[in-house]
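Residue numbers (the UniProt record's numbering): 1 to 952. Each residue gets a CB set at the ideal place from its N, CA and C atoms; glycine is no exception. Reviewing the structure listed below.
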């Protein structure tokens, strides 16, 4: 007898209790009722008479079965009535009996666990399995584990049994864990799946220990006799671990990781059985993952992230033993593909591992040893199998593939592969993005956006073309499969990708590179390298005109502005002989914004004295030319903005302005001073007769003199360059629409539009003349100028301060009829010159003489003065001030007064040029006689010219 067992009873007492138990147990079984006295006798025999234990435990089985049977009947009745109350009200005697049995057995186990725990645990597990199986068909529940637990834990008998079982297993865990778990697994196999609720409850009490031991027992069963997937306990192991993993995921992941790490350990004293189990661990874990998605998730979270190329090479040494479990290499590959596609997490890590084996990250890491070559070959084969299976599943079903879903959630890990130097990585990434695009078309714009921003070479940029092709084929597949409910994506992915790239804030990427890449793509499209008749690149650029305008007109980043300008020029300017585009041009709103931004960009480049600034001005001229041809509104806005910025609001010093307004001296304190307050400081003087009531001063009282103007120190060479560039910009806005079709242009036809140059004339008058009165073409009598003295002086001052005005007048004079509309400006200059020359002494003023020559040359160029008056510019150099006054009054003013400078006087010749026929409109002697007499008076200097003008 075991010394741990309690002593047996002696004498007639033991025989009396045994007889009483036999008769009582038979009577209780026959009458179907419970006797607390009999239960106490049975408990006494269980403790004192080992030979009677089986009979006593069998009696307790009938006792518990009776209570469970009545409980199930109550459940059935409650279910028929629609009630969810499963509790059975026991009699006081029954309640006392169950409690006493529970307490006594628990005392037995706690007092002597090594003796009682194996016996009681085996009995309680077997009884729970039998009860669960016997009444499973009558227990009306949905099969959900939580409902099963609620159902059985509401029963007083099964609740006591599960408590007894838990206490026994808790004791066994300390010294006989393996037999304990084996008993649990054996019962689970025998009563599957009705025993699941017991496993779930027991496992939740000490999950880590149960998980570890269940894995160990399951691995041994998996290895025994090479049964592998056919192992009898495998399904039970999967169910137990699956239940526990759902509520104890961290413990499950830790247990799986520990088992995997154990399989990699190398011990010097390991026996053959241990080595065999270690080599079989990976197939065992894979089979668990194949049977349970919950375990697959657990494996893909921790175990997967520990894999490295070094560990993979270590596992390759064990792989020879794996194929025996699956029937060959192909079957094992199919299993791996199936598991990979079913992984709900860790897809980026899996993909990285496969690619590291199949294609190294860089050419420097290409395998050299035979082992590495074999690993690479196997990796490439597995990668191709995986991609083929993905394609097959996507075209056969409309369901989501967990691997692709996980990969799409971590798309940022796939995108860098598109720019890899290894072609296999790029091709694999393209195929995966195509697969993801079938389920989520928004993947394509994200990928395009990434490549546009990150591409550094043309090879990188070619990925965009391949993405466009992928999207086109994806749209076709979606249309074919539209019966499945997948959405059809019609949007231009390049347009969406460009919008995302422009609004993405990434410190590591430069928007300059983005626009340069766009320029390259547009060149490919126009040259035919992108085989897409819809011109997606041009459409994408047109759709982002607003953002382009913001970058083009900003002087914060000149490099960005240059890149945007180059792209827009290529998009908007059509080369001669190029087929017309079918893409809808920018709207009128976009054209206006672009015109304004282009002018701002032009002046930004004008401030740059280097070659980049010069090239930028040329780009701006091309843009202005194209915009002016497409939209008259954009032409008008561009011209007005150009002139306003050049004359008043822009960097006028770059165009030679003589004096600049120093706005920095006008501080906030000065603007608070009120003129009325200054007047009041003068006391009562403002009310006295013959006194002015306003205060005029050249500064601010208390602040000293105000310096309004500063001298221009810009280099004359730079000014001349800038003036020429500015005139090129104005000329670009005046280009004729005939150049759109060069085949229709006749030789010698002017390239500038006369109507546009006339609009420049009118705009110039509007900006320079401070008054709208007397702005007509006729020149009034000399006395009539008295009403416009102030305005004439203002016009003259602007011409003197802004030399660019003279250049604009020269530009207008080349289109001769257009100069007629500047009559008010010419009239003002002439009037002021007459007044200034009249006040001069006998010495000629070089400044006045220069202005006079400019005026006369301008009138001659525009053919407003016919011959011989057109030669006055050569005569005035030799005349005295009073003689110049006579020439301006009697020759110029009187002729212009009597011959209104009207555009109708000009006609177009065979070459398209506008001319005034001077032979039909010769000036009379009243206009030329003064000139002739003055030339005679200076014949020694003007003899040759006199002979040319007046001898005939």
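Rounded to the nearest angstrom, the gap between the Cα atoms of residue 200 and residue 235 is 15 Å.
Assigned with DSSP and collapsed to three states, residue 782 falls in helix. Residue 603 sits close to residue 645, with the two beta carbons spaced by under 8 Å.
The Cβ-Cβ distance between residue 819 and residue 864 falls below 8 Å.
Among the bridge pairs identified by DSSP, residue 41 is matched with none.
With at least 16 other beta carbons inside 10 angstroms of its own, residue 414 counts as buried.
Remark: fewer than three beta-carbon pairs, one from each stretch, lie closer than 8 Å, so the stretch 129-140 and the stretch 165-185 are not flagged as touching. Closest option to residue 378, judged by alpha-carbon separation, among 611, 775, 329: 329. The C-beta separation of residue 836 from residue 848 comes to about 6 Å, placing the pair in contact by the 8 Å criterion. Residue environment analysis places residue 534 among the exposed positions, since fewer than 16 neighbouring C-beta atoms fall within 10 angstroms of its C-beta. Annotated three-state conformation of residue 389 is helix, per DSSP. Take the alpha-carbon of residue 597 and the one of residue 544: they are about 14 Å apart. Between residue 417 and residue 406, the gap from beta carbon to beta carbon reaches 8 Å or more.
Contact between residue 494 and residue 468 holds: CB atoms are separated by about 7 Å, below the 8 Å threshold. Leaving aside the five residues that flank residue 763 on each side, the residues in its chain whose CB is nearer than 8 Å to its CB run, in chain order, 639, 640, 643. In the DSSP assignment, residue 252 falls within the alpha helix (DSSP H) that extends over 249-264. Judged by their CB atoms, residue 449 and residue 504 are nearer to each other than the 8 Å cut-off. Taken in chain order, the complete alpha helix (DSSP H) segments of 4 residues or longer contained in the stretch 766-840 are 789-801, 804-814, 816-819, 823-838. Residue 377 sits in a helix when the DSSP states are folded into three classes. For residue 137, there is no enclosing alpha helix (DSSP H), since its DSSP letter is neither H nor E. Taking a cut-off of 8 Å on C-beta distances, the stretch 922-938 touches the stretch 882-902, as three or more cross pairs fall below it. Boundaries of the alpha helix (DSSP H) harbouring residue 444: 443-454, taken from the DSSP string. In terms of CA proximity to residue 497, 452 leads the group 758, 828, 452.
Taking 4 residues as the shortest admissible run, the stretch 141-189 contains the following complete alpha helix (DSSP H) segments, listed from N- to C-terminal end: 145-153, 156-172. Inter-residue distance for residue 657 and residue 715 is about 12 Å (C-alpha atoms, whole angstroms). Under the three-state reduction of DSSP output, residue 70 falls in the helix class. Straight across, the Cα-Cα distance linking residue 245 with residue 219 is about 18 Å. About 11 Å separates the Cβ atoms of residue 387 and residue 341, ruling out a contact at the 8 Å cut-off.
Using a Cβ-Cβ distance cut-off of 8 Å, the stretch 727-734 and the stretch 764-783 are not in contact, since fewer than three pairs of beta carbons, one from each stretch, lie closer than that value. The C-alpha of residue 653 lies about 8 Å from the C-alpha of residue 713. In this structure residue 444 is buried. Its beta-carbon is surrounded by 16 or more other beta-carbon atoms within 10 angstroms. Taking the Cα of residue 884 as reference, the smallest distance to any Cα among 810, 834, 425, 519 is reached at 834. Of the residues 725, 735, 238, the one whose Cα lies closest to the Cα of residue 629 is 735. Minimum Cα-Cα distance from residue 332 among the listed residues 733, 813, 282 corresponds to 282. Going by beta carbons, residue 217 and residue 230 fall outside the 8 Å limit.
Taking 8 Å as the cut-off, the beta carbon of residue 241 is found closer than this to the beta carbon of residue 288.
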